[in-house]
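Input: a single structure, listed below in structure tokens.
In UniProt numbering, the protein residues as written are 1 to 102.
Shown next as structure tokens:
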């Protein structure tokens, strides 16, 4: 069995790496990958806290599965938006779409 402290440390590292990547990157794909890292850290937390608080039950694992499904749908929509932005602006950088007109 992996100790709980290691799993929480892994989740914390994933969260902060994702947050740092989201804040510092200007590429839309890199920002999307950073958001996915943050969501994966949340999934690990669901599983770990389920193991700590309710060892015989599976609610945390079901929340993780639901969260993975939602993040897959979110990724599909985000990639469609990024492709549309690339077609219109011929760039996948955030700076190129800052001056969009309404």
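By construction, the Cβ of each residue, glycine as well, lies at the ideal position given by its N, Cα and C atoms.
Close Cβ partners of residue i (< 6 Å) along its chain, the five nearest in sequence each way excluded
| i | result |
| --- | --- |
| residue 18 | 34, 37 and 38 |
Cα-Cα separation between residue i and residue j, rounded to whole angstroms
| i | j | result |
| --- | --- | --- |
| residue 46 | residue 90 | 39 Å |
| residue 8 | residue 73 | 26 Å |
| residue 80 | residue 59 | 32 Å |
| residue 31 | residue 25 | 6 Å |
| residue 87 | residue 20 | 28 Å |
| residue 28 | residue 82 | 7 Å |
| residue 68 | residue 92 | 25 Å |
| residue 94 | residue 52 | 41 Å |
Residue of the options minimising C-alpha distance to residue i
| i | options | result |
| --- | --- | --- |
| residue 64 | 29, 82, 42 and 78 | 42 |
| residue 40 | 71, 2 and 78 | 71 |
| residue 49 | 94, 11, 77 and 22 | 11 |
| residue 85 | 4, 16 and 96 | 96 |
| residue 15 | 75, 76 and 44 | 44 |
Neighbourhood of residue i by C-beta distance below 7 Å, restricted to the same chain and skipping five residues each side
| i | result |
| --- | --- |
| residue 61 | 47 and 50 |
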